[in-house]
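>
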Amino acid sequence: MFPETTTTQTPLQPEVRNALVDAAASLFARGGARGATARAIGTAATAPVSAINYYFGSKEALLIEAARQTQRADAAWLEEEARQVRALETEPALLSDWFAALCLHRAVARRDSTLIAADTALQAARSDAFADIARDWDTATTGFFAEVMPLFGISQEKASMFADFFTAVPLMVPSASGTATSAWVISTARYLAGTAQGRWHDAAPWRERIERMASAADKQRADRGAVPDTPTAQRILDGATRVLIRDGAAALTHRAISEEAGVALSATTRLFDGRDAILRATFERIYLGFVREIEEQRPALPPASQSMDDFVESMSEPLDRADGQIRPELTAMEETFLAARRDPELSGLMLHLAATRGTTSAGLMASLKSPRAPTRTDAFLMSICAFGMMRSLRCAPPERRRTISRERLRARLAVLFSEEPGAV
């Protein structure tokens, strides 16, 4: 057993333990719970695999500890950020610069924390320990924005959209490089800040920049996620979706898919050129399902015919109407977002999302009575924030989820389409 004797190893215990936690956190960020194998952790920490059981009891317990320490570090960072904001003479004009810098720091400098936070939330459905950590993470994030946004003249009710955007945008930027990430994060964050303050003239150049980047993203898409239209292919994608929902993207192997779908292993390799192709096609299939669902609502809704309350009632909810659970296909989409941030080869998934950027949702949003006409960029931001909200829904009791979902949607509409232009 490791260590051999308590007497000789006691001085090294904190160092070995900390090395294991650091290695586990790094591997958890890059490969998820399945990708962070005991052997890989031991190798990265230059410690025998038996050390994991000695110090933590199991690899799962080590990953939980790594997630907990990352969550505490994140909370401490936000506490320090809040302290600095309180110490400044803040004013509304500073919001755009500050929020863009905050989101960019989250997306780039704290990339591993972002990935671990996202995976922890997804693991929450599979583990009570991860659920507790995810809940604390969400509480710290929403609490931070509820505290600091009023200092910039934004009400606490509207603050939730900033929290949701901050949570989701680092995972949903359509880029494989730091430069592209910076451009997307800064542009969308500044557009959100401008519209929240009713400064639509100031926000317009950022919307135009987003439109140009989205157009370029559309041209870059080499693989548009075509879905083979055969019964066997559909069975494979059904199986892939179930694996995604149950075990996450790291478990999405050809063998796992063939076993889940009940088809020959050779069929998965013949119809799809690798795991990434299956993931892209699965994403496309789920996405098109939501498109059809939204389009079914559009014919009955004339332009500018709905108040905000009516619009909230007409929108599709992310929850199952029967039991209040999060719709499984949304979990599958979240898993693909996380996989795309870990693997640059999958950045095309985000390019697809940006290129379409809420085209269908924008059509539905045209039914909203508002001081200005909704744009595709507004729909894109609405989608980003809706996925950011998913973390709060996962952490909430089932009986509270529907209320939270509607409150957050109202907040998004209030931020983007305030009845009083210029009001904050």
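The UniProt record's numbering numbers the first residue of the sequence shown as 1 and each following residue consecutively.
For every residue, glycine included, the Cβ atom is placed at its ideal position computed from N, Cα and C.
1) If you pair each beta-carbon of the region 92-112 with each one of the region 172-189, do three or more pairs fall below 8 Å?
2) Between G289 and E329, is the Cβ-Cβ spacing less than 8 Å?
3) Are at least three pairs of beta-carbons, each pair with one atom in the region 372-388 and one in the region 158-167, less than 8 Å apart?
4) Of the residues E15, L62 and P48, which one's Cα is nearest the Cα of S26?
5) Hey, S370 and F417: beta-carbon distance below 8 Å or not?
6) In three-state terms, what does DSSP make of Q69?
7) If I follow the unbroken alpha helix (DSSP H) through Q123, where does it start and stop?
8) Is DSSP giving A423 helix, strand or coil here?
9) Could you spell out where the alpha helix (DSSP H) holding K158 opens and where it closes?
10) Alpha helix (DSSP H) containing Q13: first to last residue?
11) Hey, how far is the Cα of R401 from the Cα of T331?
12) A411 and E91: beta carbons closer than 8 Å?
13) What's the gap between the Cα of A261 and the Cα of D229?
14) What would DSSP say about L151, mapped onto helix, strand or coil?
15) Leaving out the 5 sequence neighbours to the left and right, which residues in its chain are closer than 7 Å to G324 when beta-carbon positions are compared?
16) May I have the straight-line CA-CA distance separating P205 from E407, to the nearest angstrom?
17) Quick one: what's got a C-beta closer than 6 Å to R391's C-beta in the same chain, skipping five residues either side?
18) Under 7 Å Cβ to Cβ from R17, same chain only, skipping five residues before and after it: list those, please.
19) Have a look at the DSSP bridge pairing and note the partners of Q306.
20) How big is the Cα-Cα spacing for S116 and E65?
21) Please classify P252: does DSSP put it in a helix, a strand, or coil?
22) Would you mind giving the Cβ-Cβ distance between M308 and L413, rounded to the nearest angstrom? I have them listed as a contact below 8 Å.
23) For A216, which residues in the same chain have their Cβ closer than 8 Å to its Cβ, ignoring the five residues on either side in sequence?
24) When the distance is taken between beta carbons, is L393 closer than 8 Å to L171?
Based on what the coordinates show:
1) yes
2) Result yes, Cβ atoms of G289 and E329 sit closer than 8 Å.
3) Touching, yes, given that three or more Cβ pairs across the two stretches are closer than 8 Å.
4) L62
5) Yes, the pair counts as a contact, with Cβ atoms nearer than the cut-off.
6) Here Q69 sits in helix by DSSP.
7) R111 to Q123
8) Note that A423 scores a pLDDT of 41, beneath 50, so its modelled location is shaky; the value from the coordinates is reported in the next line. If DSSP states are grouped into helix, strand and coil, A423 belongs with coil.
9) Q156 to M172
10) Q13 to G35
11) Annotation: R401 to T331 spans about 15 Å, alpha carbon to alpha carbon.
12) Remark: C-beta atoms of A411 and E91 do not approach each other more closely than 8 Å.
13) 16 Å
14) helix
15) P398, E399, R401 and R402
16) 29 Å
17) A121, D138 and T167
18) Y55
19) L368
20) For the sequence presented, residue 116 should be read as Ile rather than Ser. Straight-line Cα distance between these residues: approximately 12 Å.
21) According to the sequence displayed, residue 252 carries Leu and not Pro. The answer is coil: DSSP assigns L252 none of H, G, I, E or B.
22) 5 Å
23) none
24) no
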